[in-house]
Structures are given as structure tokens and as C-alpha cells.
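**Student:** Would you mind keeping the following structure in view while I ask a few things?
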Amino acid sequence: GAGVSQSPSNKVTEKGKDVELRCDPISGHTALYWYRQSLGQGLEFLIYFQGNSAPDKSGLPSDRFSAERTGGSVSTLTIQRTQQEDSAVYLCASSFGAGNSNQPQHFGDGTRLSIL
Amino acid sequence: QKEVEQNSGPLSVPEGAIASLNCTYSDRGSQSFFWYRQYSGKSPELIMFIYSNGDKEDGRFTAQLNKASQYVSLLIRDSQPSDSATYLCAVTGGGNKLTFGTGTQLKVEL
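Heads up: the sequence lines are chains A and B, in that order.
If you use this note's numbering, the first sequence corresponds to residues 614 to 729, in order.
If you use this note's numbering, the second sequence corresponds to residues 1179 to 1288, in order.
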């Protein structure tokens, strides 16, 4: 496929509900990243997957956040018991990996999450 | 101290001028440096990346890196109104996560 694909593009939900955000990386990219961008804030790293290695979860803000990547391709970011402060744009990026930090990351269009 | 610092702007330049965007970083172990352009309401788009000290040119864009001064810049020659956007500086160290600055808003005026 062309670029990184994310769905849904927009999600509005009530506080306390669970949400799932999906990311389909660029074909051939083995590394996948989740970031979030809150209004007026910079991009904040959440989690990183590389091949079959254990993910780097160091950026997840709380245990309400989790992510998985099945089959080394599509990833799902899950936020449980959503709070208003979770409102942000969630961005997925992918790159060629193999542990090389030089590889440029390419972003999807993001999911705009609004918690009422 | 923020890990990656950028002047938030806005930086206003006339059409046709050179726009100079600057970024400093705190981690001396940083290895890779990226510039992304982000239009309002859109996702970041990769513009340039640089790994070694010196200049790297791609069309109207030049990235400059000075590791001793922990400084990276982006020059945009012959600025166009379509260059008006927020420019994000991002850095990676030994790991793979990008650490972003908060971005500099560029306005190219007719």
C-alpha cells in the first residue's frame, strides 16, 4: 500500500468507555510506533514495536493504555476507561527497522480522539 | 530543560527569502536528526534527515548539523506561501523513538 493507514480518522466517545485505534504500516516496514499529540503540545512517544522483539512501552502514560501488534503488521492501541485528558490525535508511524535509529519514520494521518 | 528545543515563532519571512529554522538538543548521544513539516490539522511529513556533521541539501531545503554545539537547523531557500506550516525537529538517540520539539510556525508572506 501507499502510506501508513490509520482508522478511525475520528472517534468521539464518552468518558469511561474503552477505545481501539488501528494502524496498518507501510508494506515492508518492520518497525511501528505510536505517538500522541495533544492540543498545543509536541508529539509524545507512546510505544514502539520492532519485529518479534519485546515492545518498548516506556512512553505509555498509564496502565489504561496497551498496544499489540499481530503478525508483525497491523497494530491496535487500546485505551481503557477513557478520561478527558486522553483527548488527542494519536499518530502511528512506521519505518524500516532492525534496530537502526537512522531509519526515517513515516506517519499516518492519525486518529483524532475526543472524550466527552 | 527540554530535550529538544525550538523557538515557537511565528517566524515570518517574505516570499522568495530564505527561512532559517533552528533546533537545539540536550542529549550528546543523539545520533539521527529529522525535520518534519506539519500543516494545520494534518500529520507530520518528513522533509529532511541528517546523521553527520555538516550540510545536506535536497532541492530548496538544506539541513545543517553541528554535534559539538548540539544544534541542527533547516534552511528553506526561495520560500513560498505553501511552505507556511509548523516545522518539527526530531531526534533519536540509542533507541528508536523520536523526541520532538514543539515546533516552529513559519509564515511566508506575499
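Glycine included, every Cβ here is placed at the ideal spot set by N, Cα and C.
If contact means a Cβ-Cβ distance below 7 Å, which residues of the region 1212-1234 of chain B contact chain A?
**Tutor:** From the region 1212-1234 of chain B, only Phe1212, Ser1221, Pro1222, Leu1224, Phe1227 and Tyr1229 have a Cβ closer than 7 Å to chain A.
**Student:** Is the Cβ of Asp699/A closer than 7 Å to any Cβ of chain B?
**Tutor:** For the purposes of this step, residue 699/A is identified with residue 86 of the first sequence, where counting begins at 1. No - not a single Cβ of chain B is within 7 Å of the one on Asp699/A.
**Student:** Using alpha carbons as the reference points, say which of Ala1246/B, Pro1192/B and Arg1255/B lies closest to Thr1202/B.
**Tutor:** On the second sequence, residue 1202/B is found 24 positions in, with the first residue counted as 1. Out of Ala1246/B, Pro1192/B and Arg1255/B, Ala1246/B has the C-alpha closest to the C-alpha of Thr1202/B.
**Student:** For Tyr703/A, which residues does DSSP report across the bridge?
**Tutor:** As a first step, residue 703/A must be located in the first sequence, where it is residue number 90. Tyr703/A pairs with Arg649/A and Thr724/A.
**Student:** Can you pull the chain B residues whose beta carbon is under 7 Å from the beta carbon of Tyr661/A, in chain order?
**Tutor:** Here residue 661/A corresponds to residue number 48 of the first sequence, with the count starting at 1. The answer, in chain order, is Asn1274 and Lys1275.
**Student:** May I ask which residues mark the beginning and end of the beta strand (DSSP E) holding Asp1167/B?
**Tutor:** Nothing about residue 1167/B can be read from this structure; chain B reaches only from 1179 to 1288.
**Student:** Counting contacts by CB-CB distance shorter than 7 Å, is Thr1282/B in contact with chain A?
**Tutor:** Translated into the one-based positions of the second sequence, residue 1282/B becomes position 104. No, its Cβ sits nowhere closer than 7 Å to a Cβ of chain A.
**Student:** By the DSSP assignment, the beta strand (DSSP E) with Ala1241/B in it spans what residues?
**Tutor:** Position 63 of the second sequence, counting from 1, holds the residue named residue 1241/B. That run of the beta strand (DSSP E) goes Phe1239 to Asn1244.
**Student:** To which residues of the same chain is Asp722/A closer than 7 Å at the C-beta, ignoring the five residues directly before and after it?
**Tutor:** Residue numbering aside, residue 722/A sits at position 109 when the first sequence is read from its first letter. Answer for Asp722/A: Gln619 and Ser622, listed in chain order.
**Student:** Cβ atoms of Ile1228/B and Leu1252/B: under 7 Å apart, would you say?
**Tutor:** For the purposes of this step, residue 1252/B is taken as the residue at position 74 of the second sequence. For the purposes of this step, residue 1228/B is taken as the residue at position 50 of the second sequence. The answer is no: Cβ separation not under 7 Å.
**Student:** Given that a residue counts as buried once 16 or more other Cβ atoms are within 10 Å of its Cβ, and exposed if not, what is Asn652/A?
**Tutor:** What you label residue 652/A is simply residue 39 of the first sequence in a count that begins at 1. Note on residue identity: the sequence assigns Leu, not Asn, to residue 652/A. Answer is exposed; the Cβ neighbour count stays below 16.
**Student:** For chain A, check one thing: does any of its Cβ atoms lie closer than 7 Å to the Cβ of Phe1278/B?
**Tutor:** Translated into positions along the second sequence, residue 1278/B becomes position 100. Taking Cβ atoms only, chain A reaches closer than 7 Å to Phe1278/B, which makes this a yes.
**Student:** Restricting to Cα atoms, I'd like to know which of Thr724/A, Gln693/A, Asn665/A and Lys628/A is closest to Pro674/A.
**Tutor:** Within the first sequence, the letter at position 61 stands for residue 674/A. Looking at the Cα atoms, Gln693/A is the closest of the given residues.
**Student:** Thr691/A and Ile728/A - do their beta-carbons sit closer together than 7 Å?
**Tutor:** Taking the first sequence and counting its residues from 1, one reaches residue 728/A at position 115. Taking the first sequence and counting its residues from 1, one reaches residue 691/A at position 78. Not closer than 7 Å, so no.
**Student:** Between which two residues does the beta strand (DSSP E) containing Phe658/A stretch?
**Tutor:** Taking the first sequence and counting its residues from 1, one reaches residue 658/A at position 45. Start and end: Leu656 to Gln663.
**Student:** Consult DSSP for Gln1283/B and reduce its assignment to one of helix, strand or coil.
**Tutor:** As a working mapping, residue 1283/B is identified with position 105 in the second sequence. The answer is strand: DSSP assigns Gln1283/B an E or B state.
**Student:** For Ser1210/B, decide whether its Cβ has a neighbour in chain A, counting only Cβ atoms nearer than 7 Å.
**Tutor:** On the second sequence, residue 1210/B is found 32 positions in, with the first residue counted as 1. It does; some Cβ of chain A falls within 7 Å.
**Student:** Say the cut is 6 Å; is the CB of Asp1205/B nearer than that to a heavy atom of the ligand MN?
**Tutor:** With respect to the ligand MN, the structure offers nothing, as it holds no ligand at all.
**Student:** Give the straight-line distance between the Cα atoms of Gln1258/B and Gly1194/B, rounded to the nearest whole angstrom.
**Tutor:** In the second sequence, residue 1258/B corresponds to position 80, counting from 1. In the second sequence, residue 1194/B corresponds to position 16, counting from 1. Answer to the nearest angstrom: the Cα atoms are 6 Å apart.
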